[in-house]
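Residue numbers (our numbering): 588 to 1320.
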């Protein structure tokens, strides 16, 4: 049963197919006609080698054959056969691709790649079906050809294609229009759209770096956009605005892609300025143009977090380390404040960047002194933290949000919960807010003022008025109540001058002390030094006249403070020197006898520690006035002798037999700090002498002068441990 049914079904189908192909013609004449039409059509569609010449077919006959096949409903079968033939003949195209790419790899000429593209277009058009066959067959052919083509193109073609597109960015390129048409025919515009766009992106990146890197004085965005209008937009037209009938159509087509390219330009410039931000801040205010660009770019590109991260990293590496002077850190912090207020007026970026700087400055022992010294004009660096054009105003307190204010704005979305704690807008208030209370600054101000006032002599007494003007200015910032003690100190200076004039009028004296009220001045370092000989007599005479003028008061001498001008009359010479009182006291003892021991000298001036006594004696040893004959035994040189050079004091040599015991002790003390110096020069490279001196102040017990450090470094240079060039010291490796 099953076999009969199957045979019947097959017979019916065969009969149906025969009837359709024979088309009710007599006998098998219709089938024969279909076979001839099939052969004509398949021969016409057969992919041929375009290098071989062939005769043009009779299109009327071809069209009739296709019409017959279509009426026989066999066109899909023919299309399938045709597409298979296309794939089978693709080895011809592969040969051309290999030949052109080999030539390109050898020459690097993008014209070869363009020739290959045009050759592929020739293959595509040579194998394409005629238009009369309809869009369905042509679309199927195009899909098959492009799919097969992109599957065989090697990576070398992609590289060459990118180089070819890049070459069209040159304004003189003449092949651009026909090239883009060829790309469109082969489907490369859509297939390699990302590569084509990357060419534009890379050109933008290159141009931004070439024209904007290191140029911070004027904004660059306007010039960059003008360049894009003249260079990039014309290049974009053939690909992104094809089919545009007029300028308005082209503008509409380019709107989206133009926005992408403008975004990339902003991102590139933002990346560049972010990498330069530390140097931009150093160069402020000459770098205002770059800051304006950065502000505009950040409004378009969300890279605020990247900017904060880059600046904090640069600060850690280049600023927040022991090798940086506190004044330098403060100057950079103030510049950072001013720059980031331009970039981000609400202050969120500043708050995030400033936090590590503020914490580091809070840990530095000389931060308050540096700020106060700058406020009173005692900063010798020449760079003021305060802009002279800014109005002097009281310290600002933390602001509290007033939600009833019609101009109130919410915090920026990236602001942290503690953002309001950083609200003071003027620089001084921001610096003072590093600490919890302004009382610390007021106390430091009092100490600094005391030191400055005590350093004033009769020759420069007019500086008192300068200090008075400074205090009047600081009253505006800190308030009058906080600076009442400073007013008392200034009054004491005026009174001291008047009292000294009165005492001198009663009995002339070469002694000119500064008389202060001990209850209103900061605690001064006390000392039990007793000035011997003529110094003691001068003090007693002056105190007696003072008591006559001020019967209810008495003087307590601070003999370790001040300066003494001495003229030593020796047998063969006269030595003049301005020295501290301790040095003057020691040399006064030598007027009694020529030879003293260390213990005798210390007993002669009262309680003084041996290191201080040692440094005082070294002064006279260096001047050739005394000499250490034996260990801790010193002799006055009435007649000059050839003394050891002072640089030997700081020698780092282990053996130094010609060095005196006093010099040896100082050398041993300096030798302890060599490891500190070696570590500095290892980690930070070359350093000037003043920077080394600043960093050594952080070492425990270091109290050497920069002159003594210079002698030590010179001795280290002679030992071959360091080298110096243009005042910069580095290790001799």
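The beta-carbon is built from N, C-alpha and C at its ideal position, and this holds for glycine as well.
Cβ neighbour criterion (16 or more within 10 Å) applied to residue i
i, result
"residue 891", "buried"
"residue 747", "buried"
"residue 1309", "buried"
"residue 1244", "Residue confidence is low: residue 1244 scores 37 on pLDDT, short of 50, so the model does not pin down where it sits. Its coordinate-derived value is still stated next. Residue 1244 is exposed by the Cβ-count criterion."
"residue 739", "exposed"
"residue 1282", "buried"
"residue 1104", "exposed"
"residue 1293", "exposed"
"residue 588", "A caution first: residue 588 carries a pLDDT of 47, below 50, which makes its placement in the model unreliable, though a value can still be read off. Residue 588 is exposed by the Cβ-count criterion."
"residue 787", "buried"
"residue 1178", "exposed"
"residue 1127", "exposed"
"residue 1059", "exposed"
"residue 923", "buried"
"residue 823", "buried"
"residue 807", "buried"
"residue 694", "exposed"
"residue 1136", "exposed"
"residue 1203", "buried"
"residue 914", "buried"
"residue 724", "buried"
"residue 582", "Here the chain comprises residues numbered 588 to 1320, so residue 582 is not present and cannot be evaluated."
"residue 1261", "exposed"
Whole-Å CB distance - residue i paired with residue j, under 8 Å assumed
i, j, result
"residue 856", "residue 811", "7 Å"
"residue 1172", "residue 1119", "6 Å"
"residue 1217", "residue 1208", "That belief does not hold up - the Cβ atoms of residue 1217 and residue 1208 are roughly 14 Å apart, past 8 Å."
"residue 804", "residue 876", "5 Å"
"residue 852", "residue 795", "7 Å"
"residue 1021", "residue 927", "Between residue 927 and residue 1021 the Cβ distance is about 16 Å, and since that is not below 8 Å, they are no contact."
"residue 1182", "residue 1220", "7 Å"
"residue 707", "residue 736", "7 Å"
"residue 1174", "residue 1146", "Not quite, the Cβ-Cβ distance comes to about 15 Å (not below 8 Å), so this is no contact."
"residue 1162", "residue 1151", "Actually they do not touch by this definition, with Cβ atoms about 13 Å apart."
"residue 850", "residue 888", "7 Å"
"residue 1041", "residue 1101", "6 Å"
"residue 899", "residue 943", "6 Å"
"residue 636", "residue 688", "That belief does not hold up - the Cβ atoms of residue 636 and residue 688 are roughly 19 Å apart, past 8 Å."
DSSP beta-bridge partners of residue i
i, result
"residue 1164", "1153"
"residue 1215", "1221"
"residue 1015", "Residue 1015 is not bridged to any residue."
"residue 745", "DSSP, once it has assigned bridges, lists no residue as partnering residue 745."
"residue 921", "According to DSSP, which records beta bridges pairwise, residue 921 is partnered with nothing at all."
"residue 1317", "1310"
"residue 1184", "1220"
Three-state secondary structure assigned by DSSP to residue i
i, result
"residue 802", "coil"
"residue 1275", "strand"
"residue 907", "coil"
"residue 768", "helix"
"residue 1042", "coil"
"residue 1234", "Its pLDDT being 35, under 50, residue 1234 is placed unreliably by the model, and the measurement read from it follows with that caveat. Of the three classes helix, strand and coil, the one that applies to residue 1234 here is helix, per DSSP."
"residue 721", "coil"
"residue 1147", "coil"
"residue 1065", "helix"
"residue 884", "helix"
"residue 1108", "coil"
"residue 1118", "coil"
"residue 1083", "helix"
"residue 716", "coil"
"residue 849", "helix"
"residue 958", "helix"
"residue 1179", "coil"
"residue 1103", "coil"
Chain B contact for residue i (CB, 8 Å cutoff)
i, result
"residue 722", "You won't find chain B in this structure, because it holds only one protein chain."
Proximity test, residue i beta-carbon vs the ligand NAP heavy atom, cut-off 7 Å
i, result
"residue 1172", "Here there are no bound small molecules, and the ligand NAP is not part of this structure."
**Item:** Inter-stretch contact (C-beta, 8 Å, three-pair minimum) for the region 1149-1156 and the region 1061-1081
**Value:** No, they do not touch.
**Asked** Is the number of C-beta pairs between the region 1081-1096 and the region 1121-1135 that are closer than 8 Å three or more?
**Response** Touching, yes, given that three or more Cβ pairs across the two stretches are closer than 8 Å.
**Message:** Does the structure place the region 928-945 close enough to the region 1291-1305 that three or more beta carbon pairs sit under 8 Å?
**Reply:** No: the two stretches stay apart, fewer than three of their Cβ pairs being nearer than 8 Å.
**Request:** Would you check if there are 3 or more beta carbon pairs closer than 8 Å linking the region 661-673 to the region 724-734?
**Result:** Yes, since at least three Cβ pairs between the region 661-673 and the region 724-734 fall closer than 8 Å, the two stretches touch.
**Prompt:** So, do the region 1026-1045 and the region 945-963 have three or more beta carbon pairs nearer to each other than 8 Å?
**Reply:** Of all C-beta pairs linking the region 1026-1045 to the region 945-963, three or more are shorter than 8 Å, placing the two stretches in contact.
**Asked** Three or more beta-carbon pairs under 8 Å between the region 777-788 and the region 710-723, yes or no?
**Response** The region 710-723 and the region 777-788 do not touch, with fewer than three beta-carbon pairs separated by less than 8 Å.
**Request:** Spell out a yes or no on whether the region 789-805 and the region 876-889 are touching, meaning 3 or more CB-CB pairs, one atom from each, closer than 8 Å.
**Result:** Per the Cβ contact rule, the region 789-805 is in contact with the region 876-889 (3 or more Cβ pairs under 8 Å).
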